[in-house]
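Just so it is clear: in the sequence shown, position 208 is 210 by the UniProt record's numbering, and no numbers are missing. Notes for the one structure printed next.
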Amino acid sequence: GAAISTRGLVHIYRSEGHDVAALSGVDLSVRSGEMIGLLGPSGAGKSTLLTLLGGLFRPSAGKIYIGDHELTALTVKELDRLRAREVSLMLQGASRNLLPYLTPRQNVEFAQRAARRDSADLPDVGEVLDRVGLSEYADHHLSGLTPGHLQLAAVAVAIATDPGVVLADEPTSQLDHEARDTVLKVLADISAQQGTTVVLVTHDPQVAAVMPRTITIRDGRIGGEGRAGEEYAVV
Ligand code: ADP
Ligand code: ADP
């Protein structure tokens, strides 16, 4: 996995003539292979932080390090390469991470081709689907899958390239307990067994409770850090 850190991260959205400060100086450190929960009220800046870590857009100020790379110093081409190979970003809502007219298997194959890596270095497609428990549905069209199975397909896509980092925005919201537990187990396993660094945004106290470490964001700042059970405590 790759360590993640930010220094003095600031992000301001310009919206209809006024500015919205989404992040106001965030210093975050996540060790390689660690799994953390990112918590905080709606509007706190969680999605902004996660998408900046994923390289979707550039911060207004500050630095972001993923492993040896400083994201704001990369060219667009280098950033694309890092995103395709090293960093999987799961946006909120399973379908935003999937190509709708393809099957789960085809989605995983597509993600692997996009990484432009030697296929010998990539995990076996069947094993990826098996890992998320989707073997039985691997060749079904997405339109026939339940929300839980769609999210599992999105997890399969995220882990298809054996990335160093998985960033997941509310990957368990609106899932039944069984699908939620499978999503959490797969992410915990890749962290523990493959050393993948996992950052998971959640509102769900039951999900926060199983995270080895949590960080709380409020009003664009890190407002509390703790272990399971103390996730809403402000330091
Ligand atoms: P979250 O569950 O993270 O709070 P939101 O509902 O705040 O999600 O945001 C959903 C989408 O809308 C995101 O892509 C976010 O960037 C965008 N968004 C949120 N707030 C605004 C805003 N004030 N103006 C424009 N886009 C926004
Ligand atoms: P969270 O994920 O914690 O709900 P967000 O990162 O979605 O928080 O949003 C942080 C702040 O930035 C909120 O005030 C939100 O309305 C605002 N915001 C998010 N996306 C946009 C956007 N695209 N344009 C303008 N404001 C936005």
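Where is the CB? At the ideal position from N, CA and C, for every residue including glycine.
- A distance criterion of 7 angstroms places the beta-carbon of Tyr103 beyond contact range of ligand 2, judged by its closest non-hydrogen atom.
- At least one heavy atom of ligand 2 lies closer than 7 angstroms to the C-beta of Thr50.
- Per DSSP, the beta bridge partners of Glu72 are Tyr67.
- If you look at Asp183, you'll find it in the alpha helix (DSSP H) that goes His179 to Gln196.
- For Thr174, there is no enclosing alpha helix (DSSP H), as DSSP gives it neither H nor E.
- DSSP, read as helix, strand or coil, puts Asp132 in helix.
- When secondary structure is reduced to three states using DSSP, Gly27 falls in the strand class.
- A contact between stretches requires three or more CB pairs, one per stretch, nearer than 8 angstroms, and the region 140-147 fails this requirement with the region 58-72.
- Contact between the region 167-177 and the region 189-202 is present: three or more C-beta pairs spanning the two stretches fall below 8 angstroms.
- Secondary-structure assignment with DSSP links Ser90 through a beta bridge to Val168.
- Per DSSP, Arg107 lies in no beta strand (DSSP E) segment; the continuous alpha helix (DSSP H) that holds it begins and ends at Pro106 to Ala116.
- Ligand 2 never approaches Gly56 closely enough for any of its heavy atoms to be under 7 angstroms from the residue's Cβ.
- Take the alpha-carbon of Ser7 and the one of Val159: they are about 24 angstroms apart.
- Taking a contact to require three or more Cβ pairs closer than 8 angstroms, the region 30-47 and the region 202-219 qualify as touching.
- Exclusion of the five residues before and after Gly64 leaves Thr8, Arg9, Gly10, Leu11 and Val12 as the residues of its chain whose Cβ lies within less than 7 angstroms of its Cβ.
- Ser49 places its beta carbon 8 angstroms or farther from that of Ala5.
- Cβ-Cβ distances below 8 angstroms link Arg119 to Arg87 and Thr163 in the same chain, with the five nearest sequence neighbours on each side left out; the list follows chain order.
- Under DSSP, Leu58 takes part in no beta bridge, so it has no partner.
- Sixteen is the threshold: when 16 or more other Cβ atoms of the shown chains lie within 10 Å of the Cβ of Ser90, as they do, the residue is buried.
- The C-beta of Pro207 has fewer than 16 other C-beta atoms within 10 Å across all chains shown, which makes the residue exposed.
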